[in-house]
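In our numbering, the protein residues as written are 85 to 620.
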């Protein structure tokens, strides 16, 4: 920020940061010398530049470390700013005498500037300073850039008035932000309480009591699913593709005769290794008494059933990394695209025809399948697929395909997104570099099955109540963004002379700078005379 000199408020002047503070940086003593980090001198790392003041540090160095490195002590009241790395632009006022490392530039303010005024000015200029940094993916500031950075300097008395006004307004703003964040946290708790109650049967207790005679029990529902699955298997055995194998044709020959996707066939089957004959359904053993004892109690008529007993199919995406493109026909969906309650297609990539066909031949995601993150830091998030087009999937995402006659996909997604389910599933993750849930574990995990009618009621209740929560959360998010914009507006007004009125009796900043410059020149001259006297 630098206004034209003719537009400056009365008493202000334009100068550079070099003229209002003495700038330097620190250093890192050798980590190979253990005693260097066993001292009592606070040593600031740029990651610790969080609040307005820094009053304690994680590490301390010794006097020896100071002598044998470029580290130096900066006095209380100095202002430090991170010059590079992930923390670039972060800043704090030294609340103690402390040393720092080479990634931090520290200014010791002279009499021309109030250190809190300097802090707030640098805060207002943070994004501009980062943009001015040189480098590639991570820009670097230098002391040269910082020293040459312009500042519109008001009279010293006005600086104090500006700081007082900023802190008054920021205090009110911070209270509002704190209240908004409290409400935000409470909404998250309420959201999970709704989901917990839904899958304990509490949300629909009255409805269930009023409709008890119309409800199909989970046991009856499961039996019907198994019967339908057996009938489906028998129908598949009679389908045209099976006799190809029974008449002596090889699997390869059978595969070659299958119509492609474009003509409505199975397509994508290659190499002759995939047998077209359907597998007979093999029911999984039910949950044991020990497993059931660890699960929450369900209402009468509900039942805990393994996903593998219930689902038509559980699978995941490709286990290799195909080449992707910024545009194309077939979307390539990974864990980063799955958010709770929605598919985020804002950062999507695409695959070519060949790669997609190879993946889709074993991972044919359909409309209303439930997508579930099974690998990585966001494991446990589920969403119902509402895309009616074909797309490819990475193995970090699993797919649950439920029988339409037994499970509403939105009910299943709500169940998977509840913290109770998520915490239970996360206990099963394995791996070091990347934690993951295997398909075997997904098949064996328990699912709270209610009657189809009650599932519909639960989904309606949750859709209604959580829609209100979503609206409130969006309102809070917007308010927080507006609060941050207001913070920047306050700073902009402060450093353009619009936040507090000017006082014509204040000593102009230019006069103060001139006195400081003259005093410095006199001091340097006297020092030179003393040095000559010593040599003489």
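Note that CB positions come from ideal geometry on N, CA and C, so glycine has one too.
Start and end residues, beta strand (DSSP E) containing residue i
i	result
residue 467	466–468
residue 105	105–109
residue 144	143–145
residue 178	175–178
residue 484	481–485
residue 184	182–184
residue 416	414–417
residue 166	163–166
residue 127	125–128
Selected residue, minimal CA-CA separation from residue i, among the options
i	options	result
residue 46	239, 449, 223	This structure gives no information on residue 46, because the portion of the chain shown stretches from 85 to 620.
residue 154	142, 224, 183	183
residue 490	310, 180, 175	310
residue 521	463, 533, 474	463
residue 397	132, 447, 142	447
residue 133	188, 116, 111, 563	188
residue 385	231, 254, 298, 592	298
residue 438	406, 116, 583, 112	406
residue 291	615, 541, 602, 560	541
residue 531	140, 376, 314	376
residue 487	395, 479, 549	395
residue 276	554, 582, 583	554
residue 271	499, 558, 433, 588	558
residue 524	518, 484, 502, 517	484
residue 497	435, 539, 195	539
residue 585	478, 246, 296	246
residue 363	383, 408, 273, 320	320
residue 251	596, 589, 578, 543	578
residue 549	308, 588, 382, 274	274
residue 528	572, 431, 512	512
residue 105	217, 206, 455	206
residue 434	477, 426, 461, 427	477
residue 460	427, 123, 518, 117	518
residue 399	569, 607, 526	526
residue 569	393, 257, 194, 378	257
Per DSSP, the bridge partner or partners of residue i
i	result
residue 98	236
residue 193	105
residue 459	520
residue 71	It is not possible to answer for residue 71, since the shown part of the chain is limited to 85 through 620.
residue 478	402
residue 447	Per DSSP, none; premise fails for residue 447.
residue 224	218
residue 426	423
residue 433	416
CB of residue i within 9 Å of CB of residue j, strictly
i	j	result
residue 204	residue 575	yes
residue 236	residue 92	yes
residue 146	residue 191	no
residue 264	residue 466	no
residue 457	residue 402	no
residue 481	residue 419	yes
residue 211	residue 564	no
residue 179	residue 125	no
residue 200	residue 136	yes
residue 95	residue 242	yes
residue 214	residue 173	yes
residue 552	residue 501	no
residue 306	residue 546	no
residue 233	residue 429	no
residue 602	residue 99	no
residue 195	residue 596	yes
Limits of the unbroken alpha helix (DSSP H) element including residue i
i	result
residue 453	From DSSP, residue 453 is part of no alpha helix (DSSP H); its letter is neither H nor E.
residue 201	199–208
residue 564	536–578
residue 306	302–321
residue 443	437–444
residue 510	503–510
residue 391	391–394
residue 533	Per DSSP, residue 533 belongs to no alpha helix (DSSP H); it is in the beta strand (DSSP E), 530–533.
residue 376	373–377
residue 294	289–294
Closer than 8 Å: residue i CB and nearest the ligand COA heavy atom
i	result
residue 145	This structure does not include the ligand COA; it has no bound ligands of any sort.
Sufficient close CB pairs (3 or more, under 8 Å) joining the stretch 281–288 to the stretch 366–373: no
contact_flag[the stretch 403–422, the stretch 473–484] where n(CB pairs < 8 Å) is 3 or more: yes
Touching by the beta-carbon criterion (3+ pairs, under 8 Å), the stretch 522–538 and the stretch 299–315: yes
Inter-stretch contact (C-beta, 8 Å, three-pair minimum) for the stretch 448–455 and the stretch 505–518: no
At least 3 beta-carbon pairs within less than 8 Å: the stretch 105–114 vs the stretch 168–186: yes
Stretch-stretch touch, CB-based, cutoff 8 Å, three pairs: the stretch 216–234 with the stretch 156–176: yes
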